[in-house]
Amino acid sequence: MRLLACLLILATGAAQAEPDLRLRALAANCAGCHGTEGRAPRYSLVPGLAGMPAAHFIVQMKAFKSGARQGTVMPQLAKGFSEAQILALANYFAAHKGSAP
Amino acid sequence: MRRRELVLGAAALPLVARVASRARVVVVGGGYGGATAAKYLRLFSGGAIDVALVEPEAAFVSCPMSNLLLAGASGLADITRPYDALASRHGVQLVRDRASGVDAGKRRVMLERGEPLPYDKLVLAPGISMMWDEVEGLAAERAHVLQAWKAGPETVALRRQLEQMPEGGVFAIAIPEAPYRCPPGPYERACLVADWMRQAKPRAKVLILDANEDVTSKGALFKRVWAERYAGIIEYRPQNKLVAVDGNTLKFELADEVRADVLNVLPPMRAGEIAIAAGLANSNGRWCQVHFRNFESTAAPHIHVIGDSIQIANAIPKSGHMANAQAKVVAAAITAELSGQEIDPAPMLTNTCYSFTELQRAVHVASVHEYVAAESTFKPVAGAGGLSATPSEMEARYAFNWAKTIWDDVLA
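Which chain is which? The protein sequence lines are A and B, in order.
Note that the first sequence covers residues 1 to 101 in the numbering used here.
Note that the second sequence covers residues 102 to 513 in the numbering used here.
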């Protein structure tokens, strides 16, 4: 797998390895409302996720899941993601800093 | 299989050579599904895959939010966005042309004007096409009986018809049997037109003539709004399957015929024309069956179909947001295949869909879907998803925010 990633990087000239493709695709589920790669546009009413500390992301998602935090869409969507997925997403967004496009 | 070949060495050369010599994906259709797929193929592959997007229109026009035009609350420019950034920021080749056919054997897409485009993988996201002939007389009346279900000039034309409608006139909207594009869309349209009428034409009526047995989406929410806010304005008639249009008269399979001043007929729908022409509509000749893990057609290899054209899995709506979500799954799957990685065995889809019940208030439906390998399909995640409790001003603001954000996710 690592060999393949290297080959792809050689082919593309990318400077560093991209996060795992599956994780990027999972995180892209958030992009419709929170912006591509979690970078919310400046005008957005919903928070950007890129650069959010992992602990904060996890606490919020768990609060949405348990009902401790109220909301409109998020309490319903959060219940669709497992603990492992939430942890993976938290680490992905924490590592994925960036400003609005 | 490819992964094994690669790891084994010698057999890997052709694939490595192919990635290096630029694998090429052609995407047909620049809507929520196709434009997103083009952008995310570039993102996920780190630019290693060449992507061409074939779309005849000059700009993206959103169907979601287009019902606001019928209430006079916005114009076509408000729901139109350029394609430029897909090329300038993401390196997508924009091909302004109409795909006219697919040669699956030679892996080429034929174009109406340009030379055929070769592909390693093809993504078709052609939306829906209208089955005009399913309603007698409709094809002949198309100039004045509008659908406005593909947002654009027809939406503006329907708005003009509503403005010119007599004071105590009747606006009739006919809904086909499900599945059709955007399940709650017709009911939202009825609400927004009625909201405008309350001020502009207080004696006018909205008649919803639904071929289905009941409201197909957000039913309890819509029916409560109709009973409370739009009492005496909106009338809902289920099980009214339209069979013919004659002048300003609508004729039904069983129910009494209806005469209205402005007719809005949503014909039965099926997969987009290119999918039909390519022989991919293998579900009743209407919709395209796909392998849900990577949205590859069950009728032809190397062709992936996403969005409104597919034969849907359990509880997956034909919505813009869902097409956007499917596009990301297909982009990841194709990137994996073309770089010799294993396709994600457990992709996820989410959907969020807002409907306005009046200009200032909206409701939502949300859902999460997981791929269930044992059944080779997507299923809603148990316990997740749901609806608004009641229409709210806050959700109207979120609806506008959703639209702007997802348009950027699709295009910017």
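The C-beta atom is built at its ideal place from N, Cα and C for all residues, glycine as well.
Starting from the Cα of residue i, find the closest Cα among the options and give me that residue.
i                  : options                                       : result
Ala-188 of chain B : B:Trp-388, B:Asp-198, B:Phe-145 and B:Ala-136 : B:Ala-136
Gly-134 of chain B : B:Gly-408, B:Asn-502, B:Val-473 and B:Gly-484 : B:Gly-408
Thr-478 of chain B : B:Thr-453, B:Leu-259, B:His-392 and B:Thr-491 : B:His-392
Pro-303 of chain B : B:Met-211, B:Glu-289, B:Asp-311 and B:Glu-264 : B:Glu-264
Val-294 of chain B : B:Arg-143, B:Ala-149 and B:Leu-170            : B:Leu-170
Arg-24 of chain A  : B:Val-128, B:Leu-144, B:Ala-124 and B:Val-129 : B:Leu-144
His-245 of chain B : B:Cys-292, B:Val-363, B:Glu-237 and B:Val-193 : B:Val-363
Ala-97 of chain B  : B:Phe-353, B:His-405, B:Lys-324 and B:Asn-313 : The structure shown has nothing for residue 97 of chain B, since chain B only spans 102 to 513.
Gly-176 of chain B : B:Pro-219, B:Glu-213, B:Thr-256 and B:Asn-395 : B:Thr-256
Gly-386 of chain B : B:Phe-396, B:Glu-374 and B:Leu-488            : B:Glu-374
Cys-454 of chain B : B:Ala-428, B:Tyr-472 and B:His-422            : B:His-422
Pro-446 of chain B : B:Tyr-337, B:Gly-486 and B:Phe-396            : B:Phe-396
Pro-418 of chain B : B:Ser-146, B:Glu-235 and B:Pro-280            : B:Pro-280
Leu-218 of chain B : B:Arg-209, B:Ala-226 and B:Val-224            : B:Arg-209
Tyr-337 of chain B : B:Gly-348, B:Leu-355 and B:Glu-314            : B:Glu-314
Arg-197 of chain B : B:Gly-270, B:Glu-235, B:Ala-153 and B:Ser-230 : B:Ala-153
Pro-492 of chain B : B:Arg-182, B:Gly-320 and B:Ala-305            : B:Gly-320
Asn-349 of chain B : B:Glu-268, B:Leu-343, B:Val-359 and B:Trp-250 : B:Val-359
Leu-142 of chain B : B:Asp-296, B:Glu-237, B:Arg-371 and B:Arg-123 : B:Arg-123
Gly-228 of chain B : B:Ala-159, B:Gly-132, B:Ala-178 and B:Glu-268 : B:Gly-132
For residue i, which residues of its own chain have a beta-carbon under 6 Å away from its beta-carbon, when the five flanking residues on both sides are left out?
i                  : result
Met-74 of chain A  : Phe-64
Val-482 of chain B : Val-469 and Glu-471
Glu-242 of chain B : Val-346
Leu-322 of chain B : Val-464
Gln-16 of chain A  : Because Gln-16 of chain A carries a pLDDT of 39, less than 50, the predicted location of this residue cannot be relied on, and the following value inherits that uncertainty. Cβ within range, chain order: n/a, list empty.
By Cβ distance below 7 Å, which residues in the same chain neighbour residue i in space, the five residues on each side in sequence not counted?
i                  : result
Ala-252 of chain B : Val-162, Ser-163, Cys-164, Ser-167 and Ile-180
Gly-487 of chain B : Ala-467
Glu-213 of chain B : Asp-198, Arg-199 and Ser-201
Ile-444 of chain B : Arg-394, Asn-395, Ala-434, Ala-437 and Glu-438
Leu-87 of chain A  : Ile-58
Asn-29 of chain A  : none
Between which two residues does the alpha helix (DSSP H) holding residue i run?
i                  : result
Arg-292 of chain B : With the sequence shown as reference, residue 292 of chain B is identified as Cys, and Arg is not the correct amino acid for it. That run of the alpha helix (DSSP H) goes 286 to 301.
Ala-437 of chain B : 421 to 439
Arg-261 of chain B : 254 to 265
Thr-451 of chain B : That residue, Thr-451 of chain B, is in no alpha helix (DSSP H); its beta strand (DSSP E) goes 449 to 459.
His-56 of chain A  : 54 to 66
Arg-338 of chain B : No alpha helix (DSSP H) contains Arg-338 of chain B, which is instead part of the beta strand (DSSP E) from 335 to 338.
Tell me whether the beta-carbon of residue i lies closer than 9 Å to the beta-carbon of residue j.
i                  : j                  : result
Ala-490 of chain B : Asn-452 of chain B : no
Thr-36 of chain A  : Tyr-499 of chain B : no
Ala-497 of chain B : Leu-460 of chain B : yes
Ala-379 of chain B : Val-203 of chain B : yes
Pro-277 of chain B : Ser-318 of chain B : no
Ala-361 of chain B : Val-271 of chain B : yes
Ile-334 of chain B : Lys-306 of chain B : yes
Arg-125 of chain B : Ile-150 of chain B : yes
What residues in its chain sit with their C-beta under 8 Å from that of residue i, if we drop five residues either side in the sequence?
i                  : result
Ala-94 of chain A  : Gly-51, Met-52, Pro-53, Ala-54 and Phe-57
Leu-233 of chain B : Reading off the sequence shown, one finds Trp at residue 233 of chain B, where the question assumed Leu. Answer for Trp-233 of chain B: Leu-239, Ala-240, Arg-243 and Pro-368, listed in chain order.
Gln-248 of chain B : Met-231, Glu-255, Asn-365, Val-366, Leu-367 and Pro-368
Val-431 of chain B : Ala-138, Val-224, Asn-395, Phe-396, His-405 and Ile-407
Val-316 of chain B : Tyr-288, Phe-323, Lys-324, Tyr-337 and Pro-339
Compute every distance between the C-beta of residue i and the non-hydrogen atoms of the ligand MN, then say whether any falls below 8 Å.
i                  : result
Ala-401 of chain B : The ligand MN is not among the ligands present in this structure, which contains no ligands whatsoever.
Starting from residue i, trace the beta strand (DSSP E) both ways and give me its first and last residue.
i                  : result
Tyr-472 of chain B : 462 to 473
Thr-478 of chain B : 478 to 481
Val-46 of chain A  : That residue, Val-46 of chain A, is in no beta strand (DSSP E); it is neither H nor E in DSSP.
field: Ranges of the alpha helix (DSSP H) found wholly within the segment 123 to 197 of chain B, counting only runs of at least 4
entry: Entirely contained in the segment 123 to 197 of chain B, the alpha helix (DSSP H) runs reaching 4 residues are, in chain order, 133 to 145, 168 to 171 and 185 to 189.
message: Extract the residue ranges of the alpha helix (DSSP H) inside the segment 347 to 396 of chain B, only unbroken runs of 4 or more that lie entirely within it.
response: The segment 347 to 396 of chain B contains, as complete alpha helix (DSSP H) runs of 4+ residues, the segments 374 to 378 (chain order).
task: Let me know the alpha helix (DSSP H) ranges lying completely inside the segment 213 to 241 of chain B, each 4 residues or longer, listed in chain order.
output: Counting only runs of at least 4 residues, the segment 213 to 241 of chain B fully encloses no alpha helix (DSSP H) element at all.
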